[in-house]
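Going by the numbering used here, the sequence shown opens with residue 20, and the numbers climb by one from there. Only one structure is covered here, and it is reproduced in the block below.
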Amino acid sequence: MIATVSAGRPVSITGLGCKVPDRIVTNEELAKFVDTSDEWIVERTGIRERRMADDAEALSDVALPACVDALAQAGLEGADIDLLIVATVTPDMAFPSTAAILADKLGATSAAAYDLSAGCTGFVYALAQSYGMVAGGVAKRALVVGGDLLSRILDWDDRSTLVLFGDGAGAVVLEAVPDHGFVGFELGADGAGGQSLWLPGSGSRLFDESEKYVKMNGREVFKFATRILVQSAEDLLAKCEVSIDDVDLYIPHQANMRIIDHATRKLGVPSDRVVINVDRYGNTSSGSIPLALADAAADGRLRPGQLVLMTGMGAGLTWGSALIRWTKEMAA
Ligand code: ACO
Numbered sequence: 020m021i022a023t024v025s026a027g028r029p030v031s032i033t034g035l036g037c038k039v040p041d042r043i044v045t046n047e048e049l050a051k052f053v054d055t056s057d058e059w060i061v062e063r064t065g066i067r068e069r070r071m072a073d074d075a076e077a078l079s080d081v082a083l084p085a086c087v088d089a090l091a092q093a094g095l096e097g098a099d100i101d102l103l104i105v106a107t108v109t110p111d112m113a114f115p116s117t118a119a120i121l122a123d124k125l126g127a128t129s130a131a132a133y134d135l136s137a138g139c140t141g142f143v144y145a146l147a148q149s150y151g152m153v154a155g156g157v158a159k160r161a162l163v164v165g166g167d168l169l170s171r172i173l174d175w176d177d178r179s180t181l182v183l184f185g186d187g188a189g190a191v192v193l194e195a196v197p198d199h200g201f202v203g204f205e206l207g208a209d210g211a212g213g214q215s216l217w218l219p220g221s222g223s224r225l226f227d228e229s230e231k232y233v234k235m236n237g238r239e240v241f242k243f244a245t246r247i248l249v250q251s252a253e254d255l256l257a258k259c260e261v262s263i264d265d266v267d268l269y270i271p272h273q274a275n276m277r278i279i280d281h282a283t284r285k286l287g288v289p290s291d292r293v294v295i296n297v298d299r300y301g302n303t304s305s306g307s308i309p310l311a312l313a314d315a316a317a318d319g320r321l322r323p324g325q326l327v328l329m330t331g332m333g334a335g336l337t338w339g340s341a342l343i344r345w346t347k348e349m350a351a
C-alpha cells in the first residue's frame, strides 16, 4: 500500500510523550545470564544498555505517563480523544485490549479503543490508520501509542535474542491542522517470511511450553531489514516526489546500529539527520520510533516545518514508512 495524502485535509502530530521503565540493564548484567560480552554486543548491535520493566509493571503502566504527556502537550484531556490505538505485541493481556485499559485510565470515555499487531512496524501502521480516520472525519482526535515490554517474551537462555531488546513506549496525538502534517505512507507485509521472527506459542495454535519465547533467524532478519528500510523509504519518497536531500530528520526503526548505518549510507542521509536511541534503549519494538521522536524533540532537532521520514520493519514480516511535515514546536 502506498499513497500520498496531499488531497486529504491536513492532519498532524500535535502532542508527543514517551516513557521507559526506570530499571537500566547493562550488557555486563546480561553477561551473567548468557555467554556474551559488552564488547560483542556493542560491536554487533551498537546497544550499550536497555530498560526493563519491573515485575509489577505491565505495558499500560509504562504507556500511561506517555499518553498523559502527549495529551498535555496537545492541550487536550482524555475525554477529547475519540480514537485510541495501541500498537504492540506485548499487551497487558489478550483482552481487554491495552487500548481499552488506557482509555479507562485516561477518562477517554468517547474513544474507540483497540490494539494493533504489526510487530515493530505497529506504530507506523497505527499512524496511517489513525491518519485515515481523522482525515476522513471518522475521528476528530486520535491518541496513538507504540510500546512493548519485550523483556516479558525473551528467553533468558538465548543469547541471540536476549541482548537485542528493551522495554518502552511513546504516544502521539493526531488531529486536523491548518497546514503541513502527513505527506504519505508506504506499508507492506510478507507473511512468507513470518517464521524468521516469531512467537509461536502465543495464540490459538498449540505448541510446546518451550515455544513461548521470541524465536529469530538473525541473519534472515538482518538481510530483510537492510533491504526493506531502504526500499520502503525510497518508494515513498519517489511517490511523494521528494528527494532524500529534502528530508531533515530520518527516524529508522532502532533494531541494530549496523542495520541503521547500512540504510543511512544507502539512502544518502547525513549522519547528523539520523535519530539514534538503540544504544540506550535497545530494540523497543513499536516503541522505538515514538521514543526517537521524543528524543529529537527534547534535544531541539525536531522543529516546525521540518520534513521527517520514519521507517519501521519487524515481525510479520512487516514494514512501513511515514513522511510528515512537522507542524508544532515541541522542545521541552
Ligand atoms: N554474544 C556472543 N555471541 C553471540 C551472541 C551474543 N549475544 N549472539 C550470537 N552470537 C554468536 C553466534 O552464536 C555465532 O556463533 P558461531 O559462529 O559460533 O555460530 C556468532 O555470534 C555469529 O553469529 P551471527 O548470527 O552471524 O552474528 P551477526 O553478526 O549476524 O549478529 C545479530 C547477530 C546481532 C542478531 C544480527 O544478525 C542482527 O542484528 N539481526 C537482526 C536482528 C533484528 O534486528 N531483529 C529484530 C528486528 S525486527 C524487530 O524489531 C522485531
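Every residue, glycine too, gets a C-beta built ideally from N, C-alpha and C.
Check the C-beta distance from residue i over to residue j and give it rounded, since I have them as a contact under 8 Å.
i      : j      : result
Phe204 : Gly331 : 11 Å between Cβ atoms; not a contact.
Leu162 : Leu78  : Actually they are not in contact, since the Cβ atoms of Leu162 and Leu78 sit about 15 Å apart, beyond 8 Å.
Gly165 : Ala188 : 7 Å
Thr64  : Leu183 : 6 Å
Val143 : Met329 : 6 Å
Val30  : Val153 : 5 Å
Is the beta carbon of residue i sitting closer than 7 Å to the one on residue j?
i      : j      : result
Asp186 : Ala72  : yes
Val294 : Ala313 : no
His272 : Ser307 : yes
Ile66  : Gly301 : yes
Pro84  : Lys124 : no
Ile278 : Thr245 : yes
Leu286 : Ala317 : no
Spell out whether any CB of chain B is found under 7 Å from the CB atom of residue i.
i      : result
Trp217 : The question asks about chain B, but that chain is absent: this structure has only one protein chain.
Rounded to the nearest angstrom, what separates residue i and residue j at their Cα positions?
i      : j      : result
Gly97  : Thr107 : 20 Å
Lys337 : Ala208 : The sequence shown places Thr at residue 337, rather than the Lys named in the question. Their backbone Cα atoms lie some 4 Å apart in a straight line.
Ala334 : Pro323 : 32 Å
Ser262 : Leu256 : 6 Å
Ala211 : Leu95  : 42 Å
Glu48  : Asn275 : 19 Å
Ile43  : Ile21  : 39 Å
Val157 : Thr45  : 45 Å
Lys347 : Ala50  : 43 Å
Glu68  : Asp54  : 17 Å
Glu76  : Asp41  : 11 Å
Trp345 : Gly151 : 18 Å
Gly155 : Cys86  : 24 Å
Leu326 : Arg224 : 43 Å
Trp217 : Gly319 : 37 Å
Gly27  : Pro197 : 12 Å
Thr180 : Arg299 : 17 Å
Glu353 : Val297 : For the chain, the structure presents residues 20 to 351; residue 353 sits outside this window and is missing.
Can you name, in chain order, every residue of its own chain whose Cβ lies under 6 Å from the Cβ of residue i, other than the five neighbours on each side?
i      : result
Gly215 : Note on residue identity: the sequence assigns Ser, not Gly, to residue 215. Counting only Cβ-Cβ distances below 6 Å, and skipping sequence neighbours, we find Asn236, Glu239, Val240.
Asp88  : Gly36
Glu194 : Thr33, Arg160
Ala11  : In the structure displayed, the chain extends from 20 to 351; residue 11 sits before or after that span and is not available.
Ala145 : Ile104, Ala106, Leu135, Val163
Thr283 : Val293
Go through its chain and collect everything with a Cβ distance to residue i's Cβ below 7 Å, but skip five positions before and after it.
i      : result
Val259 : First, the amino acid is wrong: residue 259 is Cys here, not Val. Contacts found: Thr23, Val202, Gly203, Leu342.
Thr109 : Leu78, Asp167, Leu168, Leu169, Arg171, Ile172
Pro219 : Phe226, Glu230, Lys234
Val288 : Ile263, Val266, Tyr269
Ala122 : Leu103, Ala130, Ala132
Arg178 : Val53, Asp54, Thr55
Gly200 : Pro29, Val30, Ser31, Ile343, Arg344, Thr346
For residue i, is the beta carbon positioned less than 6 Å from some heavy atom of ligand 2?
i     : result
Thr55 : Here the bound small molecules are ligand 1; ligand 2 is not part of this structure.
Leaving out five residues on either side along the sequence, give the residues of the same chain with a beta carbon under 8 Å from the beta carbon of residue i.
i     : result
Ala82 : Lys38, Val105, Thr117, Leu121, Val164, Gly166, Ala188, Ala190
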